[in-house]
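Chemist: Encoded as structure tokens, here's the structure I'll be asking about.
Below you can see the structure in the form of structure tokens.
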């Protein structure tokens, strides 16, 4: 049987989802050192926007992606301008603040839409499976893998090939000196936070056909995303991608060979051992803080 | 009698006489004025409207409140209205215990209707046992409990499985893959399933538990492809059940050869899964929304009218609804006697009530005789009842444990 090929594919599929969620988190942390505990709720908001668009206007997930990104980004922008911005000098307090924001968002959604689990349909043209060399690959999962790679490429392009990216990297390396050169760190922060939130919202929309959409869905998602960011080394895109791949594949293999519960235990143990010996993660960025 | 008390009594008699209540003697004799004859009957309603399990539990609250309103609109019980004291325990067992305590001590309720999860029931248990109050628990659960202060309205494992497992084996084959969330309920149910399978010559090809809320099932699907079981015997709950069934459907597995047979999937989960992905699979429960009976038609119509056409009724909120009526029947039977929780319990035993699922009866062991059914999910999100039990099935909460039996005297060990 081709079960090992199958597991590689499943691992890739898990990787793509982890990557989508973790990327936004990694960028926000890497840039401004804010540990955004509301990230899971941004993911949840994305899922609800997808549900809302589909149930109210009949707009499918994929067509709706730009709108979902914009909605997430606007929300991120609002949160950054009103709250996070005032806390850049107190990084520890941002943990509490973002935790609170997360709770507020969750209750807001519950208040507006109730706590029922919502159903979002998969795009029809992605129904079915591609069976190649005995490997069952659902078209939708293939699409997510492709989309995650695209997001990674766009993010890389944004960081290393645009003027904004140059400014962003300058701010990451040394905020004060960058400001001396006329870079507005505040604006860079705002845009970055919005971008990260937008990515989270897209990730939320893309996972809707596979999970159930509830106000609490973000909490579980964000734990894995944090694992990825910690293993990868905060703020490093390459690290995030590599860590997502490691954790995704390890989850797929261990849960196939052992059981889901054991897999989870072993992975968390692995992460603990890893940060014992490499506290900065696999690919730490060389930044002055 | 002290002068001050006498004055108060006279004043009260005046008020009572003026308003035509006429309940003065009753109030005078009972120190706990709240359940004196002639006044309202205080009950607690303890279902989470916020927190993790609010999705399901709020529908139990709705059904319970609907029954209370119906009874009050029809003149109450023996001319007395039910007065619900509503608390929101926020899906947290410790809060459940705290609110139950408040209901019993401060509001002097004679019964509490509440809980969806076993953990919240177990948190309330010491409170109702310590205060000798009565807790009406509507959910199916894993059995192995025999409190004299809990009225168990839902199915126990033997009621869901005794017909179901042999039926599945006959129809699809005896190789079962047991899949559940990792906590007490799935483990106890699978324990029973193993025992039944052993008796009828079936086998368990794999038994797997995933953490609560787990939502990535691609590896499980690979294992299903590898093991090729005849039946996936499923006790996943909530989000895990939804994610698993969607994954199963995405992977293109076929319910005709490898059906999912669930003990926990109701109309609520199917709504979130999507009818198309759930179609063709099976559930065993005493009640389905699509069950054809006059009582059910009335129940569903009233529920949808009250809470919206997009709502569903299911096997737990049906029980939450019926339990209020069982409470009513018990109180009616007591008549003008003193309304104590223990008296209500004793009056409830043996009571029959024509519930939406059929005529149910409260057993000596405070569990319920129910009508187990096997339903097959259809693309419209409703279950078609394929098999309806021929008789009321007795609840045996210790079915899998030889030498232990739950009776009217509590747990007996031989």
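Protein chains in written order, with this note's numbering: chain V, 80 to 368; chain A, 13 to 426.
Glycine is no exception: its CB is placed at the ideal position from the N, C-alpha and C atoms.
Enumerate in chain order the residues of its own chain whose CB-to-CB distance from residue 194 (chain V) is below 7 Å, with the five nearest sequence positions on each side excluded.
Modeler: The residue you call residue 194 (chain V) lines up with position 115 of the first chain. For residue 194 (chain V), where only same-chain residues beyond five positions count, the Cβ hits under 7 Å are 293, 294.
Chemist: Keeping to the same chain, check which residues put their C-beta closer than 7 Å to that of residue 236 (chain V); ignore five residues upstream and five downstream.
Modeler: Counting from one through the first chain, the residue named residue 236 (chain V) turns up at place 157. None.
Chemist: Looking at chain V, is there any beta carbon in it that lies within less than 8 Å of the beta carbon of residue 40 (chain A)?
Modeler: Taking the second chain and counting its residues from 1, the one referred to as residue 40 (chain A) is at position 28. Note that residue 40 (chain A) scores 40 on pLDDT, short of 50, meaning its location in the model is unreliable and no value can be drawn from it.
Chemist: Using a Cβ-Cβ cutoff of 9 Å, what residues of the stretch 113-130 of chain A are near chain V? List them in chain order.
Modeler: For the stretch 113-130 of chain A, which is checked against every Cβ of chain V, not one residue is closer than 9 Å.
Chemist: Which whole-angstrom value is the C-beta distance of residue 184 (chain A) and residue 253 (chain A), which I expect to be below 8 Å?
Modeler: Translated into the one-based positions of the second chain, residue 184 (chain A) becomes position 172. Translated into the one-based positions of the second chain, residue 253 (chain A) becomes position 241. Not really, about 20 Å apart at Cβ, beyond 8 Å.
Chemist: Just to confirm before moving on: does the CB-CB distance between residue 245 (chain A) and residue 205 (chain A) stay below 8 Å?
Modeler: For this step, residue 245 (chain A) is matched to residue 233 along the second chain. For this step, residue 205 (chain A) is matched to residue 193 along the second chain. A contact, by the Cβ cut-off of 8 Å.
Chemist: Roughly how many whole angstroms lie between the Cα atoms of residue 70 (chain A) and residue 60 (chain A)?
Modeler: Numbered from 1 along the second chain, position 58 holds the residue referred to as residue 70 (chain A). Numbered from 1 along the second chain, position 48 holds the residue referred to as residue 60 (chain A). Going from the Cα of residue 70 (chain A) to the Cα of residue 60 (chain A) covers about 6 Å.
Chemist: How close, in whole Å, do the beta carbons of residue 320 (chain V) and residue 238 (chain V) come, if the pair is a contact with beta carbons under 8 Å?
Modeler: Translated into the one-based positions of the first chain, residue 320 (chain V) becomes position 241. Translated into the one-based positions of the first chain, residue 238 (chain V) becomes position 159. At roughly 13 Å, the Cβ-Cβ gap does not stay under 8 Å, so residue 320 (chain V) and residue 238 (chain V) are not in contact.
Chemist: By the criterion of Cβ-Cβ separation under 9 Å, what are the contact partners of residue 332 (chain A) in chain V?
Modeler: Your numbering for residue 332 (chain A) matches position 320 in the second chain. By Cβ distance, chain V contributes nothing, its closest Cβ being about 17 Å from residue 332 (chain A), past 9 Å.
Chemist: Using a Cβ-Cβ distance under 8 Å, would residue 67 (chain A) count as near chain V?
Modeler: By 1-based counting over the second chain, the position of residue 67 (chain A) is 55. Yes, because at least one Cβ of chain V sits closer than 8 Å to the Cβ of residue 67 (chain A).
Chemist: Out of curiosity, what's the CA-to-CA distance linking residue 46 (chain A) and residue 96 (chain V)?
Modeler: On the second chain, residue 46 (chain A) is found 34 positions in, with the first residue counted as 1. On the first chain, residue 96 (chain V) is found 17 positions in, with the first residue counted as 1. Unreliable positioning characterises residue 46 (chain A) in this predicted model, as indicated by a pLDDT of 44, which lies under 50. A coordinate reading is not provided.
Chemist: Determine, for residue 240 (chain A), whether the minimum Cβ-Cβ distance to residues of chain V falls below 8 Å.
Modeler: Here residue 240 (chain A) is taken as the residue at index 228 of the second chain, counted from 1. Taking Cβ atoms only, chain V never reaches closer than 8 Å to residue 240 (chain A), which makes this a no.
Chemist: Got a sec: does the ligand GDP put a non-hydrogen atom nearer than 7 Å to the Cβ of residue 304 (chain V)?
Modeler: Although the ligand GDP was asked about, the structure shown includes no ligands whatsoever.
Chemist: Among the candidates A:102, A:99, A:57, whose CA atom is the shortest distance from the CA of residue 81 (chain A)?
Modeler: If you number the second chain from 1, residue 81 (chain A) lands on position 69. Of the listed residues, the one whose Cα sits closest to residue 81 (chain A) is A:57.
Chemist: I want to verify the contact list: residues of chain V whose CB lies under 7 Å from the CB of residue 189 (chain A), in sequence order.
Modeler: The residue you call residue 189 (chain A) lines up with position 177 of the second chain. Here the premise fails: no neighbours, minimum Cβ distance about 13 Å.
Chemist: Could you tell me how far apart the beta carbons of residue 106 (chain V) and residue 275 (chain V) are, in whole angstroms, since I believe they sit closer than 8 Å?
Modeler: Sequence index remark: in the first chain, residue 106 (chain V) carries index 27 (1-based). Sequence index remark: in the first chain, residue 275 (chain V) carries index 196 (1-based). Right, their Cβ atoms sit about 5 Å apart.
Chemist: Looking at chain V, which residues of the stretch 260-285 of chain A have a Cβ within less than 8 Å of any of its Cβ atoms?
Modeler: Cβ contacts with chain V come from 262, 263, 264, 280, 281, 283, 284, 285.
Chemist: Could you tell me whether the Cβ of residue 338 (chain V) comes closer than 8 Å to any Cβ of chain A?
Modeler: Reading the first chain from its first residue, position 259 is the one you call residue 338 (chain V). Chain A, which has a Cβ nearer than 8 Å to the Cβ of residue 338 (chain V), makes this yes.
Chemist: Determine, using beta carbons only, whether residue 6 (chain A) and residue 192 (chain A) come nearer to each other than 8 Å.
Modeler: Beyond the ends of chain A as shown, which are 13 and 426, falls residue 6 (chain A); an answer cannot be given.
Chemist: Report the option in V:304, V:322, V:127 whose CA atom is closest to the CA atom of residue 191 (chain V).
Modeler: Sequence index remark: in the first chain, residue 191 (chain V) carries index 112 (1-based). It is V:127.
Chemist: Pick from V:344, V:196, V:356, V:343: whose alpha carbon is nearest that of residue 251 (chain A)?
Modeler: In the second chain, counting from the first residue as 1, residue 251 (chain A) sits at position 239. Here the closest residue by C-alpha is V:196.
Chemist: Smallest Cα separation from residue 226 (chain A): which of A:195, A:200, A:214, A:240?
Modeler: Your numbering for residue 226 (chain A) matches position 214 in the second chain. Measuring from the Cα of residue 226 (chain A), the nearest candidate turns out to be A:195.
Chemist: Quick one: is residue 182 (chain V) buried, meaning 16 or more other Cβ sit within 10 Å of its Cβ, or exposed?
Modeler: Along the first chain, one-based indexing puts residue 182 (chain V) at 103. Exposed, because fewer than 16 other Cβ atoms sit within 10 Å of the Cβ of residue 182 (chain V).
Chemist: How many Å lie between residue 266 (chain V) and residue 216 (chain V) at the Cα?
Modeler: Stepping through the first chain from its first residue, residue 266 (chain V) is reached at position 187. Stepping through the first chain from its first residue, residue 216 (chain V) is reached at position 137. Between residue 266 (chain V) and residue 216 (chain V), the C-alpha separation is close to 42 Å.
Chemist: Using only CA atoms, which one of A:353, A:382, A:188, A:218 lies nearest to residue 338 (chain V)?
Modeler: Residue mapping note: residue 338 (chain V) aligns to position 259 of the first chain, counting from 1. That would be A:218, whose Cα lies nearest to the Cα of residue 338 (chain V).
Chemist: Kindly say whether residue 203 (chain V), judged by its beta-carbon, lies nearer than 8 Å to any beta-carbon of chain A.
Modeler: Reading the first chain from its first residue, position 124 is the one you call residue 203 (chain V). No, its Cβ sits nowhere closer than 8 Å to a Cβ of chain A.
Chemist: Please list, in chain order, all residues of the same chain as residue 406 (chain A) whose beta carbon is under 7 Å from its beta carbon, the five residues on each side excluded.
Modeler: Reading the second chain from its first residue, position 394 is the one you call residue 406 (chain A). Only 375, 381 meet the Cβ criterion.
Chemist: At 8 Å on the CB atoms, spell out the chain A contacts of residue 93 (chain V), in chain order.
Modeler: Taking the first residue of the first chain as 1, we reach residue 93 (chain V) at position 14. What residue 93 (chain V) touches in chain A: 228, 230.
Chemist: Report the CB separation of residue 387 (chain A) from residue 294 (chain A) in whole angstroms; it is logged as a contact under 8 Å.
Modeler: Working through the second chain from its first residue, we reach residue 387 (chain A) at position 375. Working through the second chain from its first residue, we reach residue 294 (chain A) at position 282. Between residue 294 (chain A) and residue 387 (chain A) the Cβ distance is about 7 Å, and since that is below 8 Å, they are a contact.
Chemist: Please state whether DSSP places residue 325 (chain A) in a helix, a strand or coil.
Modeler: Here residue 325 (chain A) corresponds to residue number 313 of the second chain, with the count starting at 1. Residue 325 (chain A): coil per DSSP, three-state reduction.
Chemist: What do you get for residue 106 (chain A), buried or exposed, if any count of 16 or more other CB atoms within 10 angstroms of its CB means buried?
Modeler: Locating residue 106 (chain A) in the second chain gives position 94, counting from the first residue. When all chains shown are included, residue 106 (chain A) counts as exposed.
Chemist: At the 8 Å Cβ level, is residue 139 (chain V) part of the contact set with chain A, yes or no?
Modeler: For the purposes of this step, residue 139 (chain V) is identified with residue 60 of the first chain, where counting begins at 1. So, not an interface residue.
Chemist: Whole angstroms is fine: what's the gap from residue 337 (chain A)'s alpha carbon to residue 415 (chain A)'s?
Modeler: The residue given as residue 337 (chain A) occupies position 325 in the second chain. The residue given as residue 415 (chain A) occupies position 403 in the second chain. Cα to Cα, the separation comes out at about 34 Å.
Chemist: Among the residues of its own chain, which have a CB less than 7 Å from the CB of residue 300 (chain V), if the five just before and after it don't count?
Modeler: Sequence index remark: in the first chain, residue 300 (chain V) carries index 221 (1-based). Within the same chain, residue 300 (chain V) has close Cβ partners 100, 119, 122.
Chemist: Quick one: what does DSSP say residue 5 (chain A) is sitting in, helix, strand or coil?
Modeler: Within the shown structure, residues of chain A are numbered from 13 to 426, placing residue 5 (chain A) beyond reach of any answer.
Chemist: Straight-line CA distance for residue 43 (chain A) to residue 349 (chain A)?
Modeler: In the second chain, the residue the question calls residue 43 (chain A) occupies position 31. In the second chain, the residue the question calls residue 349 (chain A) occupies position 337. For residue 43 (chain A), the pLDDT reaches just 42, beneath the cut-off of 50, and the residue's location in the model is therefore unreliable, leaving the point undetermined.
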